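Visitor: Order-wise, the sequence lines are chains Y and V.
Per our numbering, residue 14 is the first one in the first sequence, and the count goes up by one each step.
Per our numbering, residue 14 is the first one in the second sequence, and the count goes up by one each step.
Protein chains: 2
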Amino acid sequence: MNYSEFKKLVNLSKEEISGQILERNRNSIKVKKEKKVIDNLIRIIDATLAICSKKSFQAMSIRDLSAESGLSRGALYSYFTNKEELLVLIQTQGREIAYQVLTDQIAKGSDPLEKLRLAIKSHIYLSEAMRNWFYFTYIEARNLPKDEQKRAIESELQTEKIFIDIINEGVKEQVFRDDNVVLAAAVIKAMLQDWYLKRWKYRSRKVSVDEYADFVIHVAESILLIK
Amino acid sequence: MNYSEFKKLVNLSKEEISGQILERNRNSIKVKKEKKVIDNLIRIIDATLAICSKKSFQAMSIRDLSAESGLSRGALYSYFTNKEELLVLIQTQGREIAYQVLTDQIAKGSDPLEKLRLAIKSHIYLSEAMRNWFYFTYIEARNLPKDEQKRAIESELQTEKIFIDIINEGVKEQVFRDDNVVLAAAVIKAMLQDWYLKRWKYRSRKVSVDEYADFVIHVAESILLIK
DNA sequence: AAAAAAAGGACGGATGTCCGTTTTTTTCTT
DNA sequence: AAGAAAAAAACGGACATCCGTCCTTTTTTT
Numbered sequence: 014m015n016y017s018e019f020k021k022l023v024n025l026s027k028e029e030i031s032g033q034i035l036e037r038n039r040n041s042i043k044v045k046k047e048k049k050v051i052d053n054l055i056r057i058i059d060a061t062l063a064i065c066s067k068k069s070f071q072a073m074s075i076r077d078l079s080a081e082s083g084l085s086r087g088a089l090y091s092y093f094t095n096k097e098e099l100l101v102l103i104q105t106q107g108r109e110i111a112y113q114v115l116t117d118q119i120a121k122g123s124d125p126l127e128k129l130r131l132a133i134k135s136h137i138y139l140s141e142a143m144r145n146w147f148y149f150t151y152i153e154a155r156n157l158p159k160d161e162q163k164r165a166i167e168s169e170l171q172t173e174k175i176f177i178d179i180i181n182e183g184v185k186e187q188v189f190r191d192d193n194v195v196l197a198a199a200v201i202k203a204m205l206q207d208w209y210l211k212r213w214k215y216r217s218r219k220v221s222v223d224e225y226a227d228f229v230i231h232v233a234e235s236i237l238l239i240k
Numbered sequence: 014m015n016y017s018e019f020k021k022l023v024n025l026s027k028e029e030i031s032g033q034i035l036e037r038n039r040n041s042i043k044v045k046k047e048k049k050v051i052d053n054l055i056r057i058i059d060a061t062l063a064i065c066s067k068k069s070f071q072a073m074s075i076r077d078l079s080a081e082s083g084l085s086r087g088a089l090y091s092y093f094t095n096k097e098e099l100l101v102l103i104q105t106q107g108r109e110i111a112y113q114v115l116t117d118q119i120a121k122g123s124d125p126l127e128k129l130r131l132a133i134k135s136h137i138y139l140s141e142a143m144r145n146w147f148y149f150t151y152i153e154a155r156n157l158p159k160d161e162q163k164r165a166i167e168s169e170l171q172t173e174k175i176f177i178d179i180i181n182e183g184v185k186e187q188v189f190r191d192d193n194v195v196l197a198a199a200v201i202k203a204m205l206q207d208w209y210l211k212r213w214k215y216r217s218r219k220v221s222v223d224e225y226a227d228f229v230i231h232v233a234e235s236i237l238l239i240k
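Here it is, written out as structure tokens:
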């Protein structure tokens, strides 16, 4: 699997994503017609991610968002009850998508090594396809309210657990070394994150997403595979 | 070298750091007595980093800073001309310290492998000793004014270049593999950053700084060393 | 007593949010 | 099918609050 195959494989329509958001937030969304809600959620989220790729969520005013999305301030407040809720809404959905896609893809692997490769590739490819979303989810997590911060942390650990489980499975089957599994998973995760946190760097160096994914797999195998 | 040896070796007194800041910002600091300036700069920076480990710099008001530092709002403005300058001041100094310590330590190594180990250890140990500072420098870089953002990017590339140079030296001496040097340096850097970006994770798992540094060295050697 | 430093009131501007009004869409009636 | 009535959605002015910064006054130090 390479990136262009991944994109065809994983169908991430904006309508579908906003549909999920609507389901999760029916009670705080005051507009009734589904089509209208989904259209406007797409505009709102696109606008938020666009603005927040340049400045922080806190620095983005509702007036900024109104200008970028083309909805009035009053209209915006029909889709969330306050600014913080908008942050929570996008973050929650971002984590959900990442988890869904990751577990879906891994399920296709039949042995630990294949699963590991799938996990690495699909995480990097997904963060490439949704770079603004991933960046936002990472960088704005600290501005979440306390209880939502806890959820973000749990999600991070959950993702890491996916890698830990794959590695442990490989240890049991004697394809991977039984050597600091938890740290191995942690540094793999760190490498995955670097792709969307430092995209400017890789882009300016003309490192393609496929090249990066292959390299991370190479590193992971160097640590894990029994010689 | 382990962490406690590093701390004795590298003498990072707050007075010294604030002294350097004073030198760099003599024209914008209105207070004349050096001792007073240094004392208060320490209080201001300590307070800023403490507050910003909990919320963003933008979310920190001058009133917050006043309360935490014990200086009045008016007094604060004797040490910087505006809030943004305070951000720039801390960031600049943070990058400076990191670069100084890193190059100082590396110079002690006599061969590429030793230099690589020294570079990894000193970066991780330094980020451990100054975790709030490193976290702040990383996370608030995006809120810098445009030209200072450029400086931050240059600094990041410069640090990475240190690793690239070490690896290239090793390639020439045929101790390291000649295989994607730039990406190797990039992922090493990503692992270094994870230590201060995700300290809560490593702490809760009781991973010590020495253990983490050794593991990163182990990974780096797995990628680089000729078998 | 003079100089230096700190204090904190005041001000203009920006922000999140509310809510009465206007516009658009849908439904109903003829 | 057309137009009126009702419902839904969007609008944007207004308000209270908070913030950065300035500047005069007070306190501390020399």
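Glycine is no exception: its CB is placed at the ideal position from the N, C-alpha and C atoms.
Since the structure is predicted, the reported quantities are computational estimates derived from the model, not experimental observations.
My output table needs one value for F84(Y): the three-state DSSP class, helix, strand or coil.
Guide: Before going further, note that residue 84(Y) is Leu rather than Phe in the sequence given. Of the three classes helix, strand and coil, the one that applies to L84(Y) here is coil, per DSSP.
Visitor: Thinking S140(V) and F147(V) are a contact (beta carbons under 8 Å), I'd like their distance in whole angstroms, please.
Guide: Confirmed, about 4 Å.
Visitor: How is F93(V) classed by DSSP in three states: helix, strand or coil?
Guide: Here F93(V) sits in coil by DSSP.
Visitor: In the DSSP assignment, what residue or residues form a beta bridge with F189(Y)?
Guide: BP columns for F189(Y) point to L238(Y).
Visitor: Answer with buried or exposed for L170(V), where buried requires no fewer than 16 other C-beta atoms within 10 angstroms of its C-beta.
Guide: Its Cβ having fewer than 16 others within 10 Å, L170(V) is exposed.
Visitor: Looking at the secondary structure, which residues open and close the alpha helix (DSSP H) in which E18(V) lies?
Guide: Where E18(V) is concerned, the enclosing alpha helix (DSSP H) stretches over Y16 to L22.
Visitor: Report the residues of the region 164-181 of chain Y with a CB closer than 7 Å to any CB of chain V, ordered along the chain.
Guide: Listed in sequence order: no entries.
Visitor: Do F189(Y) and I180(Y) have their C-beta atoms within less than 8 Å of each other?
Guide: It is a contact, given that the beta carbons lie within the stated cut-off.
Visitor: Helix, strand or coil for F70(V), going by three-state DSSP, please let me know.
Guide: Coil.
Visitor: According to the Cβ coordinates, are E173(Y) and P125(Y) closer than 8 Å?
Guide: No, the Cβ-Cβ distance between E173(Y) and P125(Y) is not below 8 Å.
Visitor: Name the chain V residues whose beta carbon is nearer than 7 Å to that of R190(Y)?
Guide: Under the 7 Å cutoff, chain V gives no residues; its nearest Cβ is about 10 Å from R190(Y).
Visitor: Starting from N15(V), find everything on chain Y with Cβ-Cβ shorter than 9 Å and list it in chain order.
Guide: By Cβ distance, chain Y contributes nothing, its closest Cβ being about 17 Å from N15(V), past 9 Å.
Visitor: Can you tell me whether DSSP reads G107(V) as helix, strand or coil?
Guide: DSSP places G107(V) in helix when its eight states are reduced to three.
Visitor: Hey, is Q104(Y)'s beta-carbon within less than 8 Å of any beta-carbon in chain V?
Guide: It does not: the Cβ of Q104(Y) has no partner Cβ on chain V nearer than 8 Å.
Visitor: Using a C-beta to C-beta distance shorter than 8 Å, which residues of chain Y count as neighbours of L196(V)?
Guide: Those are V220, E224, Y225 and F228, listed as they occur along chain Y.
Visitor: I'd like to check one pair, L54(V) with Y92(V): are the Cβ atoms closer than 8 Å?
Guide: A contact, by the Cβ cut-off of 8 Å.
Visitor: Between D207(Y) and chain V, is any beta-carbon pair separated by less than 8 Å?
Guide: Closer than 8 Å: yes.
Visitor: Rounded to the nearest angstrom, what separates A132(V) and K46(V) at their Cα positions?
Guide: Taking the straight line from one Cα to the other gives about 38 Å.
Visitor: Write down every uninterrupted run of the alpha helix (DSSP H) in the region 120-192 of chain V whose length is 4 residues or greater and which is fully enclosed by it, in chain order.
Guide: The qualifying runs are 125-142, 144-152 and 159-185.
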